[in-house]
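Visitor: Residue numbers (this note's numbering): 1 to 814.
#1: Residue 573 lies in the beta strand (DSSP E); which residues open and close that run?
#2: Can you tell me whether DSSP reads residue 674 as helix, strand or coil?
#3: Quick check: the Cα distance between residue 729 and residue 365, rounded to an integer number of angstroms?
#4: Could you tell me the boundaries of the beta strand (DSSP E) in which residue 91 lies?
#5: Looking only at C-alpha atoms, which of 31, 53 and 66 sits nearest to residue 494?
#6: If you check the beta carbons only, do residue 484 and residue 25 fall under 9 Å apart?
#7: Just curious, the alpha helix (DSSP H) that residue 119 is in, first and last residue?
#8: When DSSP labels each residue in this structure, what does residue 865 get in the three-state scheme?
#9: Can you tell me which of the three DSSP states residue 380 falls into?
#10: Would DSSP call residue 526 helix, strand or coil?
#11: If you follow the beta strand (DSSP E) that residue 462 is in, where does it begin and where does it stop?
#12: Is it the case that the Cβ atoms of residue 340 and residue 399 are separated by a distance below 9 Å?
#13: In chain order, what residues of the same chain have a beta carbon less than 7 Å from the beta carbon of residue 57, not counting five sequence neighbours either side?
#14: List the DSSP bridge partners of residue 241.
#15: First and last residue of the alpha helix (DSSP H) that includes residue 756?
#16: Does residue 534 pass the burial test, meaning 16 or more other C-beta atoms within 10 Å, or should it be called exposed?
#17: According to DSSP, is residue 441 part of a helix, a strand, or is it coil?
#18: Label residue 598 either buried or exposed according to how many other C-beta atoms from any shown protein chain fall within 10 Å of its C-beta, with 16 as the threshold for buried.
#19: Straight-line CA distance for residue 795 to residue 772?
#20: For residue 370 versus residue 328, is the C-beta distance shorter than 9 Å?
#21: Cβ atoms of residue 361 and residue 381: under 9 Å apart, would you say?
#22: Would you call the stretch 469-486 and the stretch 71-79 touching, i.e. three or more CB-CB distances under 8 Å?
#23: Using only CA atoms, which one of 117, 232, 305 and 18 lies nearest to residue 99?
#24: How many whole angstroms separate the CB atoms of residue 702 and residue 736, which I take to be in contact at a CB cut-off of 8 Å?
#25: In chain order, which alpha helix (DSSP H) runs of at least 4 residues are fully inside the stretch 722-788?
#26: Can you give the Cα-Cα distance for residue 647 and residue 580, rounded to whole angstroms?
#27: Where in the stretch 304-380 do unbroken runs of the beta strand (DSSP E), each at least 3 residues long, occur, reported from the N-terminal end onward?
#28: Grouping DSSP H, G and I as helix and E and B as strand, with all else coil, what is residue 198?
#29: For residue 567 and residue 761, what's the separation of their Cα atoms in angstroms?
#30: Are the Cβ atoms of residue 118 and residue 80 separated by less than 9 Å?
#31: Run through DSSP, which three-state label would residue 596 get?
#32: Considering only the beta carbon of each residue, do residue 123 and residue 309 sit closer than 9 Å?
#33: According to DSSP, is residue 82 part of a helix, a strand, or is it coil?
#34: On the premise that residue 570 lies in contact with residue 676, defined as a C-beta separation below 8 Å, what is that separation, rounded to the nearest angstrom?
#35: Would you mind sorting residue 18 into buried or exposed? The rule is 16 or more other CB atoms within 10 Å of its CB.
#36: Using three-state DSSP, classify residue 218 as helix, strand or coil.
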């Protein structure tokens with residue numbers, strides 16, 4: 001039969017990797033891969049992006065999940081990062097002028113941690129020194145000397161004044177409000193009762209005398225008050241001097257350590273001034289009840305919060321080698337920009353500069369930040385904050401509670417930290433195009449696109465690199481080594497992932513999973529190295545874990561619940577093939593496609609479309625059928641045919657045009673009344689010229705139909721018609737290849753509808769002759785005659801209707 005010449009041989013059905021080409025026995029002999037393979041374009045873009053210094057040259061990496069985007073980017077970025085200097089440390093410190101606006105300090109790497117520890121030690125030692133010094137005998141004696149000098153002067157002034165007053169019959173008495181004049185009689189001060197009992201004239205005279213002495217008393221009291229103020233000033237100066245003696249030496253040590261950091265020296269100057277200005281507030285540390293207690297900066301034993309002298313070390317690059325590379329997989333606002341924490345206190349929430357927390361931008365400052373886009377764009381606030389940081393070259397932590405909280409709480413406005421970072425966002429093509437369309441700033445801020453491939457060329461170099469990749473994973477993941485046969489099977493799997501015999505997959509996540517699983521089965525099989533059997537078992541076991549739906553569908557076909565014929569012939573009925581993707585598994589799903597034709601002018605009607613169960617691509621495919629029929633059979637007559645098409649027993653939405661050729665075959669069979677072999681299934685779209693066009697999922701479609709044929713019994717007459725352009729996409733399982741090799745199953749590549757209908761029916765399609773007719777004994781001749789008959793019947797019926805209408809009008813006139 002002519003169609004047999006078009007059948008594919010078994011060696012065309014999959015790529016086979018010959019292990020004999022390898023010069024190694026196991027991957028233990030193979031040098032591990034050190035470079036990225038299959039992503040030359042993306043790597044070039046990343047290399048360009050990480051090295052250019054101009055504004056806006058951040059990177060947006062696009063590509064499918066599993067293409068190794070994160071690992072490739074991280075590897076390339078880390079290589080560049082090792083060549084760059086270690087960035088500075090960043091700290092927040094207390095702002096002594098405006099506590100609600102903490103200041104930042106920038107220090108060389110490692111110096112931030114040193115300053116933080118130095119200040120912690122300083123505060124700890126300060127509490128001890130204050131307690132010891134202000135409780136020392138020397139301090140007490142010095143203070144007592146100042147106080148005694150005051151008391152001596154006071155006593156001299158008051159004694160002289162009292163002597164003069166007694167001569168006039170008065171003396172001084174100290175009360176709560178100060179000193180007052182009291183009359184004296186017989187050397188003794190009079191009581192209030194005695195004064196009130198005096199004769200009125202005598203009392204008035206005494207009061208007049210007392211008032212005369214009051215001015216003199218006031219002058220002396222002013223002198224005393226002045227002495228007290230001078231004494232207080234001396235005491236304060238003495239306390240301040242003692243405090244300076246306490247802090248001068250440790251502060252000098254810290255200043256010497258940071259003598260090259262002017263901003264640190266300025267900060268230490270403010271610390272020293274603040275301590276000297278708050279000596280009185282620190283004296284509770286010297287109270288007797290605190291003498292034997294361990295005191296730390298967090299204890300509120302003073303009227304001054306010692307936390308203000310701590311250092312909030314935001315970024316510590318002490319152990320960083322080169323520039324930092326930070327991968328942020330959950331880029332929320334707080335994780336990216338930073339946050340300000342709070343603690344409950346006295347029924348409210350309070351905060352201070354020590355509760356400012358770093359975000360990924362802080363940690364990556366001076367280096368590289370890699371962000372997963374899937375989470376980034378879920379929050380417009382986060383995306384806007386990131387853009388603002390890029391545009392302003394700074395990180396400004398904004399407390400979101402100010403905008404979204406209904407309760408007024410104390411907050412901070414930290415000084416923005418200068419930003420120098422290269423940002424790489426990893427996302428998909430949809431996100432990239434959405435940003436291009438809807439965010440006018442995007443192209444200004446992310447000028448470099450790194451486009452990752454899903455596949456690479458299948459050549460000797462890449463085959464060897466696959467082996468080197470396996471060796472690399474053996475080392476990194478501590479897997480058993482693979483022998484040459486196992487490596488060859490992994491490479492074949494890499495080809496299967498692309499569905500292209502000329503390509504290798506660059507989805508190394510999937511390959512890596514296979515290596516790990518093959519290693520598991522090798523150990524379970526007690527193998528010392530991974531063999532081809534272990535790799536195949538890993539693939540089979542994974543399929544078994546995932547193909548529940550496929551197994552159930554095949555059971556329903558075998559039980560007769562779903563109608564699929566694989567034997568015999570039928571008019572207007574063809575086995576169509578589709579791919580059903582259930583998320584983590586794809587399977588071929590055969591469907592019975594039927595056609596009915598009848599006299600009319602409605603053209604081709606898709607029942608699924610009328611029932612609103614079809615998509616736009618499927619609808620387009622059906623409309624193409626009308627174009628084909630009119631082009632082939634409507635050159636000398638009007639097509640007067642109505643036809644209905646449907647996917648039988650399909651209750652989900654139908655889309656795609658890969659069944660359009662199948663539908664066309666069903667129509668040709670129905671019109672010609674020539675039956676179609678039910679042992680054959682068809683996939684492929686068609687254009688108006690009758691050319692069969694390529695489709696996707698050829699592997700799943702063929703294997704799905706093969707499994708049904710095998711379950712119902714292989715007859716040697718069964719097979720699948722595919723577009724000829726899909727031959728390179730065949731990566732069929734060994735069981736299908738073997739069946740083809742044994743002559744039990746067949747794969748037919750077709751270029752045109754004419755070729756396909758001949759295979760399906762065993763009858764020639766036919767060619768148009770010069771007179772417009774088709775060659776005798778062919779399908780097209782039969783179809784053309786049927787359509788001619790329909791056209792004549794339609795014309796005759798139309799004429800009868802016109803005659804009937806004329807007669808009716810004549811009768812109405814009479």
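Backbone N, C-alpha and C fix where the C-beta goes; we use that ideal spot for every residue, glycine too.
Guide: Reading it off the structure:
#1: If you number the chain shown from 1, residue 573 lands on position 573. Taken as a continuous stretch (DSSP letters only), the beta strand (DSSP E) holding residue 573 covers 573-581.
#2: The count along the chain shown starts at 1 and reaches residue 674 at position 674. Of the three classes helix, strand and coil, the one that applies to residue 674 here is coil, per DSSP.
#3: Along the chain shown, one-based indexing puts residue 729 at 729. Along the chain shown, one-based indexing puts residue 365 at 365. Those two C-alpha atoms are separated by around 47 Å.
#4: Taking the chain shown and counting its residues from 1, the one referred to as residue 91 is at position 91. That run of the beta strand (DSSP E) goes 89-93.
#5: Position 494 of the chain shown holds residue 494. Of the listed residues, the one whose Cα sits closest to residue 494 is 66.
#6: Position 484 of the chain shown, counting from 1, holds the residue named residue 484. Position 25 of the chain shown, counting from 1, holds the residue named residue 25. Yes, these two residues count as a Cβ contact at 9 Å.
#7: The residue you call residue 119 lines up with position 119 of the chain shown. 111-133 is the extent of the alpha helix (DSSP H) around residue 119.
#8: The structure shown has nothing for residue 865, since the chain only spans 1 to 814.
#9: Within the chain shown, numbered from 1, the residue matching residue 380 stands at position 380. Helix, per DSSP.
#10: Position 526 of the chain shown, counting from 1, holds the residue named residue 526. Coil at residue 526, not helix or strand.
#11: For the purposes of this step, residue 462 is taken as the residue at position 462 of the chain shown. Here residue 462 belongs to no beta strand (DSSP E); instead the alpha helix (DSSP H) covers 460-476.
#12: In the chain shown, residue 340 corresponds to position 340, counting from 1. In the chain shown, residue 399 corresponds to position 399, counting from 1. Yes, they are a contact pair.
#13: One-based indexing of the chain shown puts residue 57 at position 57. Excluding residues within five positions, the ones whose Cβ falls inside 7 Å are 49, 447 and 448.
#14: Taking the first residue of the chain shown as position 1, residue 241 is located at position 241. Looking at the DSSP assignment, residue 241 forms no beta bridge with any residue, so it has no partner.
#15: Position 756 of the chain shown, counting from 1, holds the residue named residue 756. Per DSSP, residue 756 belongs to the alpha helix (DSSP H) from 753-761.
#16: Here residue 534 is taken as the residue at index 534 of the chain shown, counted from 1. Buried, since its Cβ has 16 or more Cβ neighbours within 10 Å.
#17: Position 441 of the chain shown holds residue 441. It is coil, neither helix nor strand.
#18: Stepping through the chain shown from its first residue, residue 598 is reached at position 598. So residue 598 ends up on the exposed side.
#19: Working through the chain shown from its first residue, we reach residue 795 at position 795. Working through the chain shown from its first residue, we reach residue 772 at position 772. The straight-line gap from Cα to Cα measures roughly 20 Å.
#20: Taking the chain shown and counting its residues from 1, one reaches residue 370 at position 370. Taking the chain shown and counting its residues from 1, one reaches residue 328 at position 328. Taking 9 Å as the Cβ cut-off, residue 370 and residue 328 qualify as a contacting pair.
#21: Start at 1 with the first residue of the chain shown, and residue 381 comes out as number 381. Start at 1 with the first residue of the chain shown, and residue 361 comes out as number 361. No, they are not a contact pair.
#22: no
#23: Here residue 99 is taken as the residue at index 99 of the chain shown, counted from 1. Closest by alpha carbon: 305.
#24: Walking along the chain shown from the start, residue 702 turns up at place 702. Walking along the chain shown from the start, residue 736 turns up at place 736. Correct: roughly 7 Å between the Cβ atoms.
#25: 734-741 and 753-761
#26: By 1-based counting over the chain shown, the position of residue 647 is 647. By 1-based counting over the chain shown, the position of residue 580 is 580. Roughly 14 Å separates the two Cα atoms.
#27: 312-315, 325-328, 343-345, 348-350 and 368-372
#28: Here residue 198 refers to the residue found at position 198 of the chain shown. Three-state result, residue 198: coil.
#29: For the purposes of this step, residue 567 is taken as the residue at position 567 of the chain shown. For the purposes of this step, residue 761 is taken as the residue at position 761 of the chain shown. Taking the straight line joining both Cα atoms gives about 13 Å.
#30: Translated into positions along the chain shown, residue 118 becomes position 118. Translated into positions along the chain shown, residue 80 becomes position 80. Contact flag unset, no.
#31: As a position in the chain shown, residue 596 is number 596, starting the count at 1. In the structure shown, residue 596 sits in a strand (DSSP, three-state: E or B).
#32: Locating residue 123 in the chain shown gives position 123, counting from the first residue. Locating residue 309 in the chain shown gives position 309, counting from the first residue. In contact: residue 123 and residue 309 (Cβ atoms closer than 9 Å).
#33: The residue you call residue 82 lines up with position 82 of the chain shown. Three-state result, residue 82: coil.
#34: Taking the chain shown and counting its residues from 1, the one referred to as residue 676 is at position 676. Taking the chain shown and counting its residues from 1, the one referred to as residue 570 is at position 570. Going by Cβ atoms, the distance from residue 676 to residue 570 rounds to 6 Å, so yes, they are a contact pair.
#35: Residue 18 sits at position 18 when you count from the first residue of the chain shown. Per the 10 Å Cβ criterion, exposed.
#36: Here residue 218 refers to the residue found at position 218 of the chain shown. In the structure shown, residue 218 sits in a helix (DSSP, three-state: H, G or I).
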